[in-house]
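S.K.:
In our numbering, the protein residues as written are -3 to 437.
1) Can you tell me which of the three DSSP states residue 413 falls into?
2) For a quick check, are the C-beta atoms of residue 314 and residue 80 less than 8 Å apart?
3) Which first and last residues belong to the beta strand (DSSP E) in which residue 335 is found?
4) Is there contact between the segment 145 to 158 and the segment 56 to 72, where contact requires at least three CB pairs shorter than 8 Å?
5) The beta strand (DSSP E) with residue 201 in it runs from where to where?
6) Consult DSSP for residue 222 and reduce its assignment to one of helix, strand or coil.
7) Rounded C-beta distance between residue 40 and residue 298? I'm assuming under 8 Å.
8) Write down every uninterrupted run of the beta strand (DSSP E) in the segment 276 to 322 whose length is 3 residues or greater and which is fully enclosed by it, in chain order.
9) Going by DSSP in three states, residue 407 sits in which element: helix, strand or coil?
10) Under 8 Å between the Cβ atoms of residue 130 and residue 93?
11) What does the alpha-carbon distance come out to for the pair residue 74 and residue 344?
12) Mapping DSSP to helix, strand and coil, what is residue 423?
13) Tell me which residue opens and which closes the beta strand (DSSP E) that residue 80 is part of.
14) Using C-beta distances below 6 Å, list every residue in its chain close to residue 8, excluding the 5 sequence neighbours before and after it, in chain order.
15) Identify whether residue 118 lies in helix, strand or coil by the three-state DSSP scheme.
16) In the DSSP assignment, find the unbroken beta strand (DSSP E) run with residue 246 in it and report its ends.
17) What is the DSSP secondary structure of residue 30, counted as helix, strand or coil?
18) When you compare the segment 241 to 255 with the segment 19 to 27, are there three or more beta-carbon pairs, one atom per stretch, that lie closer than 8 Å?
19) Closest to residue 198 by C-alpha separation, out of 397, 231, 145 and 292, would be which residue?
20) For the alpha helix (DSSP H) that residue 394 lies in, which residues bound it at each end?
21) Looking only at DSSP bridge pairs, what is residue 371 linked to?
22) Among all the DSSP beta bridges, which residues are the ones paired with residue 383?
23) When the Cα atoms are used, what is the spatial distance from residue 147 to residue 15?
24) DSSP beta-bridge partners for residue 349?
25) Can you tell me which residues form a DSSP beta bridge with residue 40?
26) Given a cut-off of 8 Å on the beta-carbon distance, is the pair residue 209 and residue 286 in contact?
27) Considering only residues of the same chain and omitting the five flanking positions on each side of residue 293, which have a CB-CB separation below 7 Å?
Written as structure tokens, this is what we have:
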């Protein structure tokens, strides 16, 4: 059964994936979508800040290595230019209640730079000050201190995600990310004192020299910090695609049996600690908004993953950022030079996109139903999309048959429900709805 769990499926929360975007869907598509969107529809912002001081060897993100925050000034200037171009296309919208800063290490920016960027976002789009807002930021504990958190809290951020990855010093050295536990603990303590609403700690399974015992020790230390959320990412070794991974010694990577043992260890410890498995490696305390949304049947997904907020339009700002406005998906240029050149020419930096067809939207809806509500009602899906979902998804449902036999799914007529084991094998189940994937282990 554990073989079904050893796979990262976070990309299914953004189906169809960006790898299938076409250059034929360019800036004009986003411009049209922005002009046509309803002014009452909520708008979420994701700001991609790619800078980091030191490249971790497991890195699979679009990052710009820099030593001094002053090197980020040209990028921040272009980012403001992108905001101006986009905001001119928008009709009046409600205040932005969802804001996320991610990418590299946003805390690489100086306090003044972070404050200026926040003010510019507020001036261009109007940021909400409501208690229910969700303003989150990814933090590398090596780049932040208690003064950083106090500044972020004063700006309006109320949710943090701290990158831990692994506390085992041998593993940290192997991936070029030495991060003493005290750095993380001090930030966790300060975040609690400041009243941040939610704190997430990120871990990675499958790093070089990782062992079940060592990862179990890391997990116990993380659980002792009592974060509201814990995320287990899967390391995918793709050195041909991501240059930093070329520094990793293949012989030091844990084999399949070791990875499965690590996952089994993690499952047992997290369940014993009372964390709810949301799905796709995400865990939350029972009083966290994600766990409550799951239990109440209102959990949703967006381009950043699971959310307890109603879905709406999402605007990505910065290099490689993804936007979803209406039914239109776009991605900004992945190379910094291309991103800058487009904005210098007063053009939106969109490099490609996709307008999903009816069948792609149907598949995405089926995936979301299983991933967020743990149930797929084909009758309701047919009614919503004006089609016979059972017929259109017949091949996909056939590919799910072995998982029903394995006890991951229960099917009663037109309704499919995940079992507790099915939540752990969710990636394989979602892959059955993806014509370009193989759901078998």
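Positions of the beta carbon are idealized from the N, C-alpha and C atoms, including for glycine.
Note that the coordinates shown come from a computational prediction; the quantities given were computed from them, not determined experimentally.
M.R.: Straight from the coordinates:
1) strand
2) It is not a contact, given that the beta carbons lie outside the stated cut-off.
3) Where residue 335 is concerned, there is no enclosing beta strand (DSSP E), although the alpha helix (DSSP H) it sits in stretches over 332 to 340.
4) no
5) 194 to 201
6) If DSSP states are grouped into helix, strand and coil, residue 222 belongs with coil.
7) 7 Å
8) Complete beta strand (DSSP E) runs here, min 3: 278 to 280, 296 to 298, 301 to 303, 309 to 313 and 318 to 321.
9) strand
10) With respect to residue 93, residue 130 sits close: the two C-beta atoms are nearer than 8 Å.
11) 11 Å
12) helix
13) Unbroken run through residue 80 is the alpha helix (DSSP H), 69 to 83; no beta strand (DSSP E).
14) 363 and 426
15) helix
16) Residue 246 -> no beta strand (DSSP E), and no H or E assigned at all.
17) In the structure shown, residue 30 sits in a helix (DSSP, three-state: H, G or I).
18) no
19) 231
20) 390 to 401
21) 413
22) Partner(s): none; residue 383 has no beta bridge.
23) When rounded, the distance between both Cα atoms is 37 Å.
24) 18 and 326
25) Answer is 94 and 310, bridged to residue 40.
26) no
27) 369
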